[in-house]
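Just below is one structure, and these are the notes that go with it.
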Amino acid sequence: MEKVIVICGPTGVGKTKLSIELAKKLNGEIINCDSTQIYKDLNIATAKVTKEEMENIPHHLLDIKDISEDYTVCDFQKDARLKIEEIKKRGHVPILVGGTGLYIKATLFDYQFKKEEKVNLYDNLSNQELYDKVKKIDSKVDIHLNNRKRLIRFLNYYHNHHTSIRENKTDKLLYDTIIIGLTTDRKTLYERIDKRVGIMVEDGLLEEAFKLYKKNIKTKAIMTPIGYKELFLYFEHKITKEEALNKIKQNSRRYAKKQYTWFNHQLDVTWFDVNFTDFKKTIDEVLKYINSKDDKYLL
RNA sequence: GGGUCUAUAGCCAAGUGGCUAAGGCAAGUGACUGCAACUCACUGAUGCGUUGGUUCAAAUCCGACUAGGCCCU
């Protein structure tokens, strides 16, 4: 049986470290599932693995796009599935690693992204008008009146496919999957996140951000991740450096919190409490679990 | 030691005798199939420093106490 292994969890728990150790043991190759690490030039703020950390383990879907380009879950699904097949063909184990839940889910499950033409027929409508339109098409959808982005998406979807997006739900899994979640108590995680921001600064976060700032192109790729937009405000003298860094910490904590909500409710995750003082124990625990699920990977 | 001002949720605060104590921030919870590190929603004081009193009715008025700020000594 050919498994696909997934490592998910909040930002800052040690997914990267575990993924490399697992890849070494299981003859694996890593597929990045982090929406911001797809892009080139976004390294420190996105906590991207360094060449040294990789330890010669093949990594895929890192640095594949320029910051001026757009990339969506639809692109990722296509790319990731291709990579999974390639890795399997080599007789290796695909290990999906990242914190972007939607990307992981869309890859693993039978999400259908059919061809669409881009339309912006709805930009001038008020939220109420959008909402009424949506309700008229499908009275059962529960997109909130204020969630303009989702309302427009619904209408665009309907325009293209003439069905309600709600009917797109699926629980059909395309791969034999083991989903491993890394976790720790909230307090420890938050401390790690705060500390990591300090390390990022030492590693040159401000320089990286300033380089992007000077380009003066505020693309989606730059403005989405946590770390740049906050520092841009500092560069524009709107807030102090201290405030910017605190904002980065806070946004990271909130992000981690949201990731928990997502993973807990959207995927069937088996959680492992990380042992930070002896990470080997965590690795062993996870390996043991994988082994119990599939005895092909003997230790 | 004397005078004076203040005390409402983790923080900032509105409220100046009468519906169930505004709001913001922080925090927590949740939704989420084409921007997902996105977008959006929900949640908080049975109580107004403590304690007596006035009143049909007190966060609101009066007294004492406690704590803090400022001024004087």
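So the first sequence is numbered by my numbering: it starts at 2 and just counts up by one.
Note that the Cβ used here is the ideal one computed from N, Cα and C, for glycine as well.
Owing to the predicted nature of the structure, the values given are computational and were not obtained by experimental measurement.
Item to complete: Rounded to whole angstroms, what's the CA-CA distance from T262 to G102? Just pull it up for me.
Response: Distance between the alpha carbons of T262 and G102: 10 Å.
Discussion item. For the region 70 to 85 against the region 47 to 55, do three or more pairs of beta-carbon atoms, one drawn from each stretch, fall closer than 8 Å, so that the two count as touching?
Written reply: No, the region 70 to 85 does not touch the region 47 to 55.
Fill in: Start and end residues, beta strand (DSSP E) containing N33
From DSSP, the beta strand (DSSP E) with N33 extends over 29 to 33.
Fill in: 8 Å CB neighbourhood of Q129 in its chain, flanking five on each side removed
Closer than 8 Å at Cβ, skipping near neighbours: L146.
Discussion item. Please list the terminal residues of the continuous beta strand (DSSP E) segment that includes D177.
Written reply: Per DSSP, D177 belongs to the beta strand (DSSP E) from 177 to 184.
Worksheet item: Could you give the distance in angstroms between the alpha-carbon of M2 and the alpha-carbon of M201?
Response: Low per-residue confidence applies at M2: pLDDT is 45, beneath 50, and the placement is therefore not dependable enough to give any value.
Item to complete: Mark E244 as exposed unless 16 or more other C-beta atoms lie within 10 angstroms of its C-beta, in which case mark it buried.
Response: So E244 ends up on the exposed side.
Discussion item. I need the boundaries of the beta strand (DSSP E) containing K4, first residue and last residue.
Written reply: Element bounds for K4: 4 to 9.
Discussion item. The ligand SAH and N265: does any heavy atom of the ligand fall closer than 8 Å to the residue's C-beta?
Written reply: No copy of the ligand SAH occurs in the structure displayed, which carries no ligand at all.
Worksheet item: When you compare only the Cα positions, how much space is there between L206 and D279?
Response: Inter-residue distance for L206 and D279 is about 28 Å (C-alpha atoms, whole angstroms).
Worksheet entry | Residue span of the alpha helix (DSSP H) that contains D76, given as start and end | Residues 74 to 90.
Discussion item. So, with DSSP's three-state summary, where would you put H61?
Written reply: If DSSP states are grouped into helix, strand and coil, H61 belongs with the strands.
Worksheet item: What is the DSSP secondary structure of V135, counted as helix, strand or coil?
Response: In the structure shown, V135 sits in a helix (DSSP, three-state: H, G or I).
Practice prompt. Please determine if the region 55 to 73 and the region 228 to 241 are in contact, where contact requires at least 3 C-beta pairs separated by less than 8 Å.
Written response: Output reads no: the region 228 to 241 does not touch the region 55 to 73.
Fill in: Contact set for E22: own chain, Cβ-Cβ below 7 Å, skip 5 residues either direction
Hits under 7 Å: I284.
Fill in: Alpha-carbon to alpha-carbon, L156 and K304
Nothing in the structure corresponds to residue 304, since the chain is present only between 2 and 300.
Worksheet entry | Where E287 sits in the DSSP three-state scheme | Note on identity: in this sequence residue 287 is Val, with Glu being the wrong assignment. Three-state DSSP puts V287 in a helix.
Worksheet item: Excluding sequence positions up to five away, which residues of its chain have a Cβ less than 6 Å from the Cβ of Y214?
Response: In the same chain as Y214, and ignoring 5 residues on each side of it, the C-beta atoms closer than 6 Å to its own belong to F233, F236, in chain order.
Worksheet entry | Per-residue burial, S140 [other beta carbons within 10 Å of its own, 16 or more giving buried] | With fewer than 16 other Cβ atoms within 10 Å, it is exposed.
Worksheet entry | For D124, the first and last residue of its enclosing alpha helix (DSSP H) | In this chain, D124 is not harboured by any alpha helix (DSSP H), its DSSP state being neither H nor E.
Fill in: Given 8 Å, three or more beta-carbon pairs between the region 187 to 195 and the region 31 to 43
Because the criterion of three Cβ pairs below 8 Å is not met, the region 187 to 195 and the region 31 to 43 do not touch.
Item to complete: Could you pull out every unbroken beta strand (DSSP E) segment of at least 3 residues lying fully inside the region 244 to 284, listed in chain order?
Response: Runs found: 271 to 274.
Fill in: Selection from K4, Y72, E118, G99 that minimises the alpha carbon distance to G13
Nearest in C-alpha terms to G13, of all of K4, Y72, E118, G99, is G99.
Worksheet item: When burial is assigned at 16 or more other CB atoms within 10 Å of the CB, is T37 buried or exposed?
Response: Label assigned to T37: buried.
Worksheet item: Who are the near neighbours of I88 in its chain, counting only those whose CB is closer than 6 Å to its CB and skipping five residues on each side?
Response: If we look at I88 and ignore the five residues flanking it on each side, its Cβ neighbours are E30, P95.
Worksheet item: Shortest alpha-carbon distance to K150 belongs to which of Y132, H160, T47, Y290?
Response: Nearest of Y132, H160, T47, Y290 to K150, Cα basis: Y132.
Fill in: Reference L268, options F77, L109, D67, E203, closest by Cα
For the set F77, L109, D67, E203, the Cα lying nearest the Cα of L268 is the one of L109.
Discussion item. Buried or exposed, going by whether 16 or more other CB atoms sit within 10 Å of the CB of D67?
Written reply: With fewer than 16 other Cβ atoms within 10 Å, it is exposed.
Worksheet item: For K25, which residues from the same chain have a beta carbon less than 8 Å from its beta carbon, with the 5 sequence-adjacent residues on both sides left out?
Response: Cβ-Cβ distances below 8 Å link K25 to E56, I58 in the same chain, with the five nearest sequence neighbours on each side left out; the list follows chain order.
Worksheet entry | Residue of V5, Y176, Y123, T178 minimising C-alpha distance to H160 | If we check each option's Cα against that of H160, Y123 comes out closest.
Worksheet item: What do you reckon, are the CB atoms on P226 and A107 nearer than 9 Å?
Response: With contacts defined as CB atoms closer than 9 Å, P226 and A107 fail to qualify as a contacting pair.
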